[in-house]
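Colleague:
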Amino acid sequence: GERGVTSSFVCWYHQERVLQHRGQDAAGIVTSERRRLHLRKDNGLVKDVFQTRHMMELRGNVGLGHVRYPTAGSSSCAEAQPLYTNYPHGICVAHNGNLVNTPELEEMCRTKLNRHVNTDSDSELLLNIFATNLVTASDSEDMVDT
Numbered sequence: 273g274e275r276g277v278t279s280s281f282v283c284w285y286h287q288e289r290v291l292q293h294r295g296q297d298a299a300g301i302v303t304s305e306r307r308r309l310h311l312r313k314d315n316g317l318v319k320d321v322f323q324t325r326h327m328m329e330l331r332g333n334v335g336l337g338h339v340r341y342p343t344a345g346s347s348s349c350a351e352a353q354p355l356y357t358n359y360p361h362g363i364c365v366a367h368n369g370n371l372v373n374t375p376e377l378e379e380m381c382r383t384k385l386n387r388h389v390n391t392d393s394d395s396e397l398l399l400n401i402f403a404t405n406l407v408t409a410s411d412s413e414d415m416v417d418t
């Protein structure tokens, strides 16, 4: 690998470069090291989003990456993925595709689940529902009905 750069990041970086044709709007990688998540994401091409200083900060041996071509939401850098929520435990999601019931899921997140929705991304809704189900599953065997 590259000197001082974790092998996990190098792997994710090269995979994103190969997949760049699938999405040229934004790129992101999150890595995990000792129960801490290290996230870098921004609008632009993979080669522009990740500079050497970013590579040094993305430590760990587990990672999740994403390149984005927006099909829903906007091209805001807040909608670049992976998306992160700190509750519970700190989790991330990377999702391609469109959810068919986005208005209903957004209403459920805001009112029934009391989750803050920060973007117009349907992937953020998916993350919040997943996070709620993790909490619910650890409290009981019942999951939130979606």
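For the sequence shown, my numbering gives the first residue as 273, with consecutive numbering after it. Yeah, the Cβ is synthetic: ideal placement off N, Cα and C, and Gly gets one too.
Would you tell me roughly how many angstroms separate the C-alpha atoms of residue 391 and residue 361, rounded to the nearest one?
Modeller: Each residue's Cα considered, the two are about 21 angstroms apart.
Colleague: Using 10 angstroms around the beta-carbon of residue 409, count the other beta-carbons present and answer buried if the total reaches 16, otherwise exposed.
Modeller: It counts as exposed.
Colleague: Buried or exposed, going by whether 16 or more other CB atoms sit within 10 Å of the CB of residue 353?
Modeller: Buried is the call here.
Colleague: In chain order, what residues of the same chain have a beta carbon less than 8 angstroms from the beta carbon of residue 296, not counting five sequence neighbours either side?
Modeller: Hits under 8 angstroms: 317, 339, 341.
Colleague: Please report the residue range of the beta strand (DSSP E) in which residue 389 lies.
Modeller: Looking at the DSSP string, residue 389 is not in any beta strand (DSSP E), and its letter there is neither H nor E.
Colleague: Going by beta carbon distance, what residues of the same chain come within less than 6 angstroms of residue 309, once the five residues before and after it are set aside?
Modeller: Closer than 6 angstroms at the Cβ level, and outside the excluded window around residue 309, lie 302, 362.
Colleague: To the nearest angstrom, report how far apart residue 306 and residue 381 are at their CA atoms.
Modeller: About 30 angstroms.
Colleague: Check each candidate in 397, 383, 283 and name the one with the smallest Cα separation from residue 372.
Modeller: Closest option to residue 372, Cα to Cα, is 397.
Colleague: Residues in its own chain within less than 7 angstroms of residue 287 by CB, not counting five upstream and five downstream?
Modeller: Contacts found: 337.
Colleague: Determine the burial state of residue 394: buried for a count of at least 16 other Cβ atoms within 10 Å of its Cβ, exposed for fewer.
Modeller: Burial call: buried.
Colleague: Could you tell me the distance, in whole angstroms, from the CA atom of residue 388 to the CA atom of residue 370?
Modeller: Taking the straight line from one Cα to the other gives about 20 angstroms.
Colleague: Tell me the DSSP secondary structure of residue 310 in three-state form.
Modeller: Looking at residue 310 - three-state DSSP - the assignment turns out to be strand.
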